[in-house]
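From first to last, the protein sequence lines stand for chains Z and E. Every number in our numbering is 1 more than the matching position in the first sequence, counting from 1. Every number in our numbering is 1 more than the matching position in the second sequence, counting from 1. We put the beta carbon where it would ideally sit given N, CA and C, even for glycine. These numbers come from a predicted model, not from an experiment. Here's the structure, in structure tokens; my notes come after.
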Amino acid sequence: MNDMTTLLRRELWEHRAITVAPAVFAALFTVVALLAAAGAIHIQVSDAHVDLTSLLRSIDGREMGALLQVGLAALAVIFNTVMMFVIVFYLLDCLYAERKDRSILFWKSLPVSDVRIVGSKLVTAAVVIPAVTVAAFLAASIGIYLISGLTVLMSGSGAVLAAGPGAIIETAVTVVYALVVQSLWYLPLFAWLLLVSVWAKRAVLLWALLPPWAIGVTEWLLFRTEYFGQMLAQRLIGVFPLAFSEHDVQDVVIQYAGEHANMDVTVSEGVSQLIDPGTLLASAGLWVGLVVAAGLFAVAVYIRRFREES
Amino acid sequence: MSSLVQARNLTKRYGNTLALDKASFDIDRGRIVGLIGPNGAGKTTALKAVLGLTPFEGELQVLGRDPRRERHRIMRDVCFIADVAVLPRWLRVRQALEVVAALHPGFNRDRAEGFLAKTKVRMDRKIGQLSKGMVTQLHLALVMAIEARLLVLDEPTIGLDIIYRKDFYSTLLNDYFDEDRTILVTTHQVEEIEHILTDVMFINEGRIVLDDSMDSVAERFAEVAVGPDRVDEARSLQPIYERQVFGKSVFLFDGKPQDRLRQLGDTRCPGIADLFVAKIKGASA
Numbered sequence: 002m003n004d005m006t007t008l009l010r011r012e013l014w015e016h017r018a019i020t021v022a023p024a025v026f027a028a029l030f031t032v033v034a035l036l037a038a039a040g041a042i043h044i045q046v047s048d049a050h051v052d053l054t055s056l057l058r059s060i061d062g063r064e065m066g067a068l069l070q071v072g073l074a075a076l077a078v079i080f081n082t083v084m085m086f087v088i089v090f091y092l093l094d095c096l097y098a099e100r101k102d103r104s105i106l107f108w109k110s111l112p113v114s115d116v117r118i119v120g121s122k123l124v125t126a127a128v129v130i131p132a133v134t135v136a137a138f139l140a141a142s143i144g145i146y147l148i149s150g151l152t153v154l155m156s157g158s159g160a161v162l163a164a165g166p167g168a169i170i171e172t173a174v175t176v177v178y179a180l181v182v183q184s185l186w187y188l189p190l191f192a193w194l195l196l197v198s199v200w201a202k203r204a205v206l207l208w209a210l211l212p213p214w215a216i217g218v219t220e221w222l223l224f225r226t227e228y229f230g231q232m233l234a235q236r237l238i239g240v241f242p243l244a245f246s247e248h249d250v251q252d253v254v255i256q257y258a259g260e261h262a263n264m265d266v267t268v269s270e271g272v273s274q275l276i277d278p279g280t281l282l283a284s285a286g287l288w289v290g291l292v293v294a295a296g297l298f299a300v301a302v303y304i305r306r307f308r309e310e311s
Numbered sequence: 002m003s004s005l006v007q008a009r010n011l012t013k014r015y016g017n018t019l020a021l022d023k024a025s026f027d028i029d030r031g032r033i034v035g036l037i038g039p040n041g042a043g044k045t046t047a048l049k050a051v052l053g054l055t056p057f058e059g060e061l062q063v064l065g066r067d068p069r070r071e072r073h074r075i076m077r078d079v080c081f082i083a084d085v086a087v088l089p090r091w092l093r094v095r096q097a098l099e100v101v102a103a104l105h106p107g108f109n110r111d112r113a114e115g116f117l118a119k120t121k122v123r124m125d126r127k128i129g130q131l132s133k134g135m136v137t138q139l140h141l142a143l144v145m146a147i148e149a150r151l152l153v154l155d156e157p158t159i160g161l162d163i164i165y166r167k168d169f170y171s172t173l174l175n176d177y178f179d180e181d182r183t184i185l186v187t188t189h190q191v192e193e194i195e196h197i198l199t200d201v202m203f204i205n206e207g208r209i210v211l212d213d214s215m216d217s218v219a220e221r222f223a224e225v226a227v228g229p230d231r232v233d234e235a236r237s238l239q240p241i242y243e244r245q246v247f248g249k250s251v252f253l254f255d256g257k258p259q260d261r262l263r264q265l266g267d268t269r270c271p272g273i274a275d276l277f278v279a280k281i282k283g284a285s286a
């Protein structure tokens, strides 16, 4: 197990974006929260019409929790988007860079099998990068919570401070679940990028996109159908509808009437109630995807093992 | 089994060209074997076959295993330096030690740090910031700290300053080599390694054209500088090569009685470079 830990740490050393990108975004959001906090105080002082304090007082603790969860979920979506970019570029680079800088011969001089090497790259993409992202997301959440909680406290309400921890835990649990199912669902896509990375001699991004595009176009030209494109679209966006229940348990509608805002909050105990893996586990898409991922992974390992480096 | 490497009829084709053409050789324990050949002769291909880095035809056993199937097991006991430029540039020196320590069961970290302490390589440096000579010192320190039975070096000093090149081989000989270790090295700087080799193999057009110990080479081959009056007599003894030096003809003989040759003129043991030229050119003539 020691060697796998080292292989994973080595990926973090080489690919700094894995840690830097989410850290930068976490810092960015915390700074924005700080600026917003300063702005919020300023608004209250200068504009008597918007009474944030009374607005906050008008909702109860449960509603406040729900409001925070919706905000944190929006934050999580942004972190997830950043993470997807990091994963895609990491996967395309990880087995391409070692050939480009010829360090593959050094790695090949160590008694580590190609399965473990290529496996460490897939684990980095599917587990390590999401874990780092969750950590950054939590840091940002706690930062924003403390800033907004203390700001609101200064204007006389402890509601945010009181509802925060529960909302953060709710969101964190949901985010971890979402990232697990997302990694499982995306595994064939990850394995495809890995295969491109180990195979392409140049222009990895082009090689990643071109074959799927060509298959889609060929299908259209030959049969006037779009099954491949639909399948791909389902793969890209299909996991969350399968992995979460369809009921809206959280909903915030903010209505503006003149300068007065009314919030209509549909609430439940928390977003984690949306977690519903049954449909996903029963879907053929998940299991077919995993089999495809295993096949692509095996080809990637084979290429790394047997292709000659000149 | 004293043979670490047994190769029988190794054949490797790149398109229409034969990189290896039924090459057979053995490498025994405790030897320093130089694999010498012109560019494109098949040196690197032969090493790649031994290291399991290329598919090939024929039989090959490295430490009793087939490198095509058990490559990563073989790499526990076999080390190689393919070229000085292959250490990852983004890795720090300390991280490099950590990586090899964790991934190689035979690595002795203290020993590697001991080697590095004698150099100017600093632990917190990135490899990309080191000079080429320092990268070589680092690579050598890493490799020499591994309890390997076979060390394979492919043109290890290419592109290095002369000072580092000298250092490289003397460090290897003094701090690493002993009767349990075996070194297989390719280079076209023949003079540079001549004095450390125990065995020499010449390869040309994918074939092994000479495979002998240095002692036996010294016994077998002799060079004789012959004056113009005895040139025909020398030629009748079937030299394998003839060249002109300062108006004299220098003949190279294989397996002729030394006392007979001494009658012709001054004899001496040929250098590997001269022998190499004779063998390669003689074969194509």
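Check whether Val124(Z) and Asp4(Z) have beta carbons under 9 Å apart: no
If you measure from the beta carbon of Ile164(E) to each beta carbon in chain Z, is any gap under 9 Å? no
Quick check on the DSSP output: the beta strand (DSSP E) that includes Gly35(E) runs from which residue to which? Ile33 to Ile37
Under a Cβ-count criterion, where at least 16 other Cβ atoms within 10 Å of its own Cβ denotes burial, should His196(E) be classed as buried or exposed? exposed
Which residues in chain E sit within 7 Å of Val113(Z), going by Cβ to Cβ distance? His73 and Leu104
By the three-class DSSP mapping on this structure, what secondary structure does Arg244(E) have? strand
When you compare only the Cα positions, how much space is there between Met124(E) and Val87(Z)? 29 Å
With C-beta atoms as the reference, is Leu243(Z) less than 9 Å away from Asn81(Z)? no
Within 9 Å, strictly: CB atoms of Ile82(E) and Leu154(E): yes
Close Cβ partners of Leu198(E) (< 6 Å) along its chain, the five nearest in sequence each way excluded: Ile33, Gly35 and Met215
Identity of the residue in Trp200(Z), Ala27(Z) and Pro278(Z) nearest Ile143(Z) by Cα: Ala27(Z)
Listing by chain order, which chain Z residues have their CB less than 8 Å from the CB of Phe101(E)? First, the residue type needs correcting, since residue 101(E) is Val and not Phe in the sequence shown. Near Val101(E) (Cβ distances below 8 Å), the residues of chain Z are Leu111.
Does the Cβ-Cβ distance between Ala146(E) and Leu61(E) come in under 9 Å? no
Report all residues from its chain with a CB closer than 8 Å to the CB of Gly62(Z); omit the five preceding and five following residues, and keep chain order. Ala160, Ala163 and Ala164
Let me know the secondary structure DSSP gives Met145(E) once reduced to three states. helix
Excluding the 5 residues flanking Phe57(E) on each side, which residues of the same chain have their C-beta closer than 7 Å to its C-beta? Leu11, Thr12, Lys13, Leu21 and Ala50
Between Ala126(Z) and Leu210(Z), is the Cβ-Cβ spacing less than 9 Å? no
Any beta carbon from chain E within less than 9 Å of Ser149(Z)'s own beta carbon? no
Given 8 Å as the limit, is there contact between the stretch 128 to 136 of chain Z and the stretch 108 to 121 of chain E, that is, 3 or more CB pairs closer than that? no
Considering just the uninterrupted stretch of the beta strand (DSSP E) at Arg9(E), what are its terminal residues? Ser4 to Tyr15
Span separating the alpha-carbon of Pro271(E) from that of Leu161(E): 27 Å
Contact belief for His140(E) with Leu88(E) at Cβ below 8 Å, rounded distance in angstroms: 6 Å
Just checking: is the beta-carbon of Thr1(Z) within a distance shorter than 9 Å of some beta-carbon in chain E? With chain Z running from 2 to 311 in the structure shown, residue 1(Z) is simply not present.
Val63(E) to Ala235(E) span [Cα, whole Å]: 44 Å
According to DSSP, is Val46(Z) helix, strand or coil? Low confidence applies to Val46(Z): its pLDDT is 46, below 50, so where it sits in the model is not reliable, and the reading given next is rough at best. Note: Val46(Z) maps to helix in three-state DSSP.
Reduced DSSP category for Met76(E) - H, G, I as helix; E, B as strand; rest coil: coil
Taking all protein chains shown into account, do 16 or more other C-beta atoms lie within 10 angstroms of the C-beta of Gln1(E), making it buried, or fewer, making it exposed? Past the edges of chain E, shown from 2 to 286, lies residue 1(E), and the structure says nothing about it.
Which residue marks the beginning of the beta strand (DSSP E) containing Met124(E), and which one marks its end? Counting along the chain, Met124(E) falls outside any beta strand (DSSP E), and DSSP gives it neither H nor E.
Can you give me the C-alpha to C-alpha distance between Ala294(Z) and Gly286(Z), rounded to a whole angstrom? 12 Å
Out of Leu111(Z), Leu96(Z) and Thr6(Z), state which residue places its alpha-carbon closest to the alpha-carbon of Ala301(Z). Leu96(Z)
The ligand GDP heavy atoms versus the CB of Ala160(Z): any closer than 8 Å? Of the ligands one can find in the structure shown there are none, so the ligand GDP has no counterpart to examine.
Does Thr226(Z) come within less than 9 Å of chain E when only Cβ atoms are used? no
To which residues of the same chain is Gln235(Z) closer than 8 Å at the C-beta, ignoring the five residues directly before and after it? Gly286
Contact under 9 Å by Cβ, Phe203(E) with Lys280(E): yes
Determine, using beta carbons only, whether Leu287(E) and Glu206(E) come nearer to each other than 9 Å. Beyond the ends of chain E as shown, which are 2 and 286, falls residue 287(E); an answer cannot be given.
Closer than 9 Å, Cβ to any Cβ of chain E: which residues of the stretch 85 to 114 of chain Z, in chain order? Ala98, Glu99, Asp102, Arg103, Ser104, Ile105, Leu106, Phe107, Trp108, Lys109, Ser110, Leu111, Pro112, Val113 and Ser114
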